[in-house]
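Presented below is the structure to which this report refers.
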Amino acid sequence: MMPRCAVLFSALAILLPLSLHASELRPADQPIEQVIDHYVDALTKADEVPAASQTGDATLLRRLTLDLAGRIPTAREARAYTESTSASKRVELVDRLLASPDFAFHHRNELEEILLPNRRNDGEFRKYLLWAAEQNRRWDDMFRDMLTGNEDDEYQKAALQFVRTRIRDVDDLTNATSVAFFGVNVSCAKCHDHPLVEDWKQDHFYGLQSFLSRTYVTKQNAVLEKPFGEVKYTTREGVEKQAHFMFLTGANVEVASLELSGDEKKKLEEAIRKAEREDNAPIPEPQGDSARGKLVDVALRDGDNHFFAQNIANRIWQRMLGRGLVDPVDQIHSGNPASHPELLEWLARDLVTHGYDLKRLIRGIALSQTYSRSSEWSSASEPPRPEYFALAPARPLTPRQYALSLLVASRNSTHWDQDALQQPDRWRQERESLENSSNGWAGNFEAPTDGFQIAVDEALLFSNNDRIQNDLLRDSGDRLVGQLKAIEDDQEAINTAFLVINSRQPTDEESSAIREYLAARADNRPEALKQAVWALLTGPELRFNH
Amino acid sequence: MTRPGSYFSGSNDHGLSRRGFLGATAAGAATFAADTRLDGFKSEALAAELRKQNKNVILLWLAGGASQFETFDPKPGRPTGGPYRAIPTNATGVHISELLPRIAARMQHTAIIRSLYTKVTDHGGGATLMETGRRPAPGFSYPDIGAVVARELGRIDSQVPDYVSMYTSTEGRRKGTSGFLGARYSPMFLAENMVPENIRRLETISDIDHRDRAALRDVLAKRFNQTHQSSTVASQTTAYHRVRGIMASEKLFDIEQEPEAMRQKYGPLQFGQQCLIARRLIEAGVPFVKVARAWWDSHGQNFETHRELCADLDQAMSALLDDLAERGLLENTLVITLGEFGRTPNINASLGRDHFANAWSCSLSGCGIRGGVAYGRTDEDGHNVADGPVKAGDLFATILSALGIDPESEYYLGSRPLPLADFGSKAVKEVLA
Amino acid sequence: MALSDPTKLKKVRDFGVSGIAFCVARTPASGQLYFGHSDFKLYEVDALAEKPEPKAFTAAGHESYVTGVALSGKQIVSGAYDGRLIWWNAESKEVVRTVEKAHELWIRRFATSPDGALVASVADDMLAKVWDVESGKLVFTLKDHQTLTPNNYPSMLYAVAFSPDGKWLATGDKTGHIAIWEVATGKKVGELEAPVMYTWDPRQRRHSIGGIRSLAFSHDSQLLAAGGIGTIGNIDHLGGPSRVEVFDWQKGERKHEIEDSKLQGLVEQIEFDPSGKWLLAAGGDHGGFVTFYDVATGKMIHQDKAPMHVHQFAINEDHTEIFAVGHGRIAHFDFKSDRPAPPAAPPLPESA
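Just so you know, the protein sequences line up as chains A, B and C, in that order. At position 49 of the first sequence (counting the first as 1) the number is 375 in our numbering, and the numbers step up by one without a gap. At position 398 of the second sequence (counting the first as 1) the number is 552 in our numbering, and the numbers step up by one without a gap. At position 222 of the third sequence (counting the first as 1) the number is 266 in our numbering, and the numbers step up by one without a gap.
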């Protein structure tokens, strides 16, 4: 059994479609960032919650680069941003990063965590996601690709990995689809403990499952559908029921079944079984309605699309601000209201009216004042609760972000500074090879979860693993340690290390601590530099997006 | 903040010059330990009380599925019983297989449950069920018993690991999972070697440099940690502060430090040696140690396989019980002997037994357990539970109860309450002291 | 008198017995079988009867699987996993003599000397013991096999055979070690190793499987064949090639290593053809097999599936029929030649 999901489905029926609220929302043509700040500020003011001030240039650059490019900035980028006097430098930075090859790679990595979290590094699926990210494919189109992609299209076929990898467990496929695309963890509805509404809730779980249960995968990995098949289930009271094709909103959908005689059906079932098992078996021709196609249609239909739109808006919000407007992000229901319900509705509406353009939403968030608040809280008073978004959280990096950032930081920074590398094509190659190098490193770290705790294993890895010592901390010329070794002046070396690793200048205290350390180890300065770099690489400033 | 300059004397003598620096680190550790408290436990006072009692668990995991007929529920003379005899134990009326003579002589510590009824008969599914005490649900990742015990009985700033898992055979190897409790409670996993990974300082860095760079890290991290107060940020500091303690625990994995006579009691086999390591670990304060003995999956030659593996189990488990008892550790240490399922009554043509989960056995010894008891009963041929069926959740609740942890206390997943033992589970009172 | 032709192998009949039949002895020139069973009893059955009906010996006897049976005149000797030897009167079915703790651990198998005077038993106490059938006295205790495997687990002593001339006795254990003994003196006269029979899995499953399960001397006593199973990948199952090794034991030479991956499993018994042309190996895994090999070349002559895992068989005097017992069944096979026997054929020694 699973956690009691408090009144999950009793809420669905009264969750109102977007349009009913439209007139009360901020105007549709207002810039996203202004709408965000409007709603967030309104709540902090109303509840008299103190908010953190705006963060400084160095931290903002770092935060934006991690959120839009999935890595820390290079020293060159850090210098350029802090030295720029342009009044619109933040907008320029955001637009540059969103246009850079880095964005597509990072967006791919983030989507992968949502869509195939337990099967990272599925090469086919990653190929699809990168392709989609590079052309900023509409999110509704991606949904269609992943559920009903065309087997003859190289990329859509790869998109179907979403279904293919889960076909062995239709419960898992049902729940994963619901969680990833609708923000609703329906597994609760299999065994809810509210006796009065239990059947109705099961109707929803099995209703959703009905759309997916006809799916099968051939030995040759084609994702196909039977032209018939309904889901039956048994209630707690032992009553057997047949599920309807019903979406989470309660909308019933007609899905035709092919009328077949008993013999014809048997024959077709046998042919399907063969196709599932044998390489050379003929593939039965698809006929009639696609149940998965019908699910996509109803989920995107006006009046029923709020789950789909709110889910992705909420997830992008979580990506950028560390917490969903609805939290947890798989619990969209009225028993768990959004912290800023109008804002979520506005963002969802904006997505629908702007072609599910995720880049547009990300840009809007990145430009908001809400996004650029400081993460520091030094006042004696209690920090504001996270759902106010009045203080930026220190977010643990994803394994991928951490691995990429370690690789960027540990390299001799003049490598990244090369003019030739700044060309988008050249940079894309560089990024791709960085991605490849990060695969192994990323596997060493745990993906952040709610209430994430860093394990001692990670600290032991950094403390005693020879790859840290012999790769990241190597003192050859291509590494940061080698670069610092060649710098004679201690302070200059310290400044360089801080810029490369933490994207900022050291404070006087920090400088003197390291100078002191180097002086005490004057007998072996390269060793001492290596240890200073270690102390920075393992520090919280690199571990967290702050 | 004290000026970092004061940490150094500027002398060239490393040993002396940096002592002050290290002193500062220790102070830092104490501060963070005090700052770090996890949310979610119903009663922190109760948790603290439990931690004080230093309770521990050793799980002997019989991976692949040991036969109940050849261990704790013999059926001599029945068509399903196989060739082995039942022998009396030192508990009146309790007989077990002749393959476990030493365990039979120590039954005063042990309660047998003969009526496990868990139904899941694939290795992965069975292991997940028995490790977590509940069936998996899509979208949720449940912690296993090791992570739950580490969470309930471990100390956040512990200088030793709080969940060690050993599984050296490769078949069916599972690390164990802390699920939603997070990586802090993940097991320290020993797979290929008897010593954990990354526990030993590399020769390319001196001990003093190793300490000093950690101290420098603390100095540089201090401002960030002070201005970013979250349990996640604090967990990184805690993790780094635990490094030296964990490294010092390397010796716990070294059984060469035990007298020869003690090592002989545990025998020359790896499972016995790992049980000895387990004792060393819990003695040093590690709350949960799992020793997996794989692979019992005797589809062919069940009786030969059990001749070998029961000999292994008998020596290792009895040595462990003796050793714990002699050290006064047994009353605070629960020893669980369990696998993912049992084996079929039917003996197949390869003289094997297959997967079976409708009526099988496990044992609990030591802490909180009424010894000398056999709970539950299977029918004459061992096909079904005849009396007192025990589900995975009930066993989980029994284990928690034996440790003094309320099985009905709850974790909160966001706003969702989740009892430690599955909904509707009941501890088997008859095996509890 | 009939001639044998392995290619003519066919199952004449088979019938079910509940449980597992582990061992068999046959009254000469008949289908009268005595077999030991997993229900701890000894049974008698006429396998040639129209409707074979196994009848259990009712006297209290063994307390575990009955794995050894020998018939010598009117006496039957049985041995079991309970370590006990029991002498029975073949007619009255009464217990004549019981040797408690003949072995400390499971008795795995018996061999009867060609003259029927001696019975040799092997057991997991790793001892071979030679008994005088008439008096029930222990003649020799033969000690050579290690009690622990090289990996420190209890070993097992599975196989024993007398040579047809009655001079030699061979014993084979789990690790593939074979000892050869002089029957007259109880002295060890030779050793052979067949280590492939023993699969130790040090990494995946960390236990072992296999062992020498059968031994047989050729009729000139020159060759010794050992049967078992080849290397197994997944030791959860008997999924390895059935295996026979043939030695010229006095020279210490291995002449053949024969493996069959088609019909897999343990070779539970081997029998040589008196003329020295073929040897017959039977056994199984979940299924069973009967396979003939050419003694000169080591090549397979013919094989067939058995309807069950064969634990043991009794061969007739002509070496043209076998009565096999095993998992849940008893099967009668025939491999007589179509050619008439030459009139001057010498009489064949009787099989035990």
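For glycine and all other residues, C-beta sits at the position ideal for the given N, C-alpha and C.
Quick one: which chain A residues come within Cβ less than 7 Å of L270(B)?
Within chain A, not a single residue places a beta-carbon under 7 Å from that of L270(B); the smallest gap is close to 18 Å.
Secondary structure, alpha helix (DSSP H): runs of 4+ residues fully inside the segment 248-304 of chain B:
List check, alpha helix (DSSP H) in window: 255-258 and 277-286.
Listed in chain order, which residues of the segment 344-369 of chain C have Cβ atoms closer than 8 Å to some Cβ of chain B?
So the list reads M352 and H353, given in the order they occur along the chain.
According to DSSP, V174(C) sits in a beta bridge with which residue or residues?
Answer is A164(C) and F184(C), bridged to V174(C).
What number of angstroms, rounded off, separates the C-alpha of D378(C) from the C-alpha of D58(C)?
Straight-line measurement puts the Cα of D58(C) at about 12 Å from the Cα of D378(C).
Three CB pairs or more closer than 8 Å across the segment 286-300 of chain B and the segment 220-235 of chain B
By the C-beta criterion, the segment 286-300 of chain B is judged not to be in contact with the segment 220-235 of chain B, since fewer than 3 inter-stretch pairs fall below 8 Å.
Can you tell me which residues form a DSSP beta bridge with C516(B)?
Partner(s): I267(B).
What separation, rounded to the nearest whole angstrom, lies between the Cα atoms of P72(C) and K137(C)?
If you take the alpha carbons of P72(C) and K137(C), they lie about 18 Å apart.
Give the straight-line distance between the Cα atoms of N606(A) and T544(A), rounded to the nearest whole angstrom.
One Cα belongs to N606(A), the other to T544(A), and the distance between them is close to 10 Å.
Below 7 Å on C-beta distance, what does N379(B) contact in chain A?
Those are P866, listed as they occur along chain A.
Closest by CA to F628(B), which one among F495(B), V211(B) and L518(B)?
Because chain B is modelled from 155 through 587, residue 628(B) falls outside the range shown and cannot be assessed.
Proximal chain A residues relative to T358(B), where beta-carbon distance stays under 7 Å:
For T358(B), the chain A residues whose C-beta falls within less than 7 Å of its own C-beta are Q795, listed in chain order.
Whose Cβ in chain B lies nearer than 8 Å to the Cβ of G15(C)?
Nothing about residue 15(C) can be read from this structure; chain C reaches only from 45 to 396.
Run the CB neighbour count on Q546(A), radius 10 Å, all protein chains shown included, and call it buried at 16 or more, exposed below.
Per the 10 Å Cβ criterion, exposed.
Chain-ordered chain B contacts of H251(C) [CB-CB under 7 Å]:
Simply T459, E462 and L463.
Note the first and the last residue of the continuous alpha helix (DSSP H) segment covering Q347(C).
No alpha helix (DSSP H) contains Q347(C), which is instead part of the beta strand (DSSP E) from M344 to A350.
What residues in the segment 237-250 of chain C bring their beta carbon closer than 7 Å to a beta carbon of chain B?
Those would be R247, Q248, R249 and R250, in chain order.
Taking 8 Å as the threshold, find out whether the segment 328-342 of chain B comes into contact with the segment 46-65 of chain C through three or more Cβ pairs.
Counting C-beta pairs closer than 8 Å gives fewer than three between the segment 328-342 of chain B and the segment 46-65 of chain C, which falls short of the contact rule.
Using a Cβ-Cβ distance cut-off of 9 Å, determine whether F442(B) contacts chain A.
Using beta-carbon distances, F442(B) does not count as an interface residue toward chain A, since no partner is under 9 Å.
Bounding residues of the beta strand (DSSP E) (the contiguous stretch that carries F577(B)):
For F577(B), there is no enclosing beta strand (DSSP E), as DSSP gives it neither H nor E.
Please list the segments of the beta strand (DSSP E) lying wholly inside the segment 280-348 of chain C, counting only runs of 3 or more residues, in order along the chain.
If you keep only unbroken beta strand (DSSP E) runs of at least 3 residues inside the segment 280-348 of chain C, you get 286-292, 297-304, 310-316, 322-328 and 332-338.
Just mark L723(A) as buried or exposed, buried being the case when its beta carbon has 16 or more other beta carbons within 10 Å.
That one is buried.
Are the C-beta of D783(A) and some C-beta of chain B separated by less than 9 Å?
Yes - at least one Cβ of chain B is within 9 Å of the one on D783(A).
Could you give the distance in angstroms between the alpha-carbon of A551(B) and the alpha-carbon of L268(C)?
In this structure, the CA atom of A551(B) is about 60 Å from the CA atom of L268(C).
Tell me which residue opens and which closes the beta strand (DSSP E) that M45(C) is part of.
Note, M45(C): premise wrong, no beta strand (DSSP E); not H, not E.
Short of 8 Å Cβ to Cβ, which residues in the segment 70-94 of chain C face chain B?
For the segment 70-94 of chain C, the beta-carbon criterion of a distance under 8 Å to any beta-carbon of chain B is satisfied by S82, D83 and F84.
Paired residues, beta bridge with H460(B) - DSSP:
DSSP, once it has assigned bridges, lists no residue as partnering H460(B).
Is the beta carbon of L423(B) closer than 9 Å to that of Y197(C)?
Contact: yes.
Counting only Cβ pairs nearer than 9 Å, list the residues of chain B close to Y197(C).
Proximity of chain B to Y197(C) at the Cβ level (cut-off 9 Å) is accounted for by L423, R461, E462, L463, A465 and D466, in chain order.
Residues of chain B with CB closer than 8 Å to the CB of H872(A), please, in chain order.
Those are F378 and H382, listed as they occur along chain B.
Run down chain B in chain order and give the residues with a C-beta less than 7 Å from the C-beta of P722(A).
The contacting residues are T386.
I374(C) - containing beta strand (DSSP E), residue span
Secondary structure note for I374(C): its beta strand (DSSP E) is the uninterrupted segment E365 to D378.
Please report how far the alpha carbon of P255(B) lies from the alpha carbon of P228(B), in whole angstroms.
Cα to Cα, P255(B) sits roughly 13 Å from P228(B).
Please report the residue range of the beta strand (DSSP E) in which E112(C) lies.
Note that residue 112(C) is Gly in the sequence shown, not Glu. Element bounds for G112(C): V110 to S116.
Given a cut-off of 9 Å, decide if R434(B) and L406(B) are closer than it, judged by their beta-carbon atoms.
A contact, by the Cβ cut-off of 9 Å.
Looking at the C-beta of G123(C), does it have a partner C-beta in chain B at a distance below 9 Å?
Residue-level contact by beta carbon fails for G123(C) and chain B, as no gap is shorter than 9 Å.
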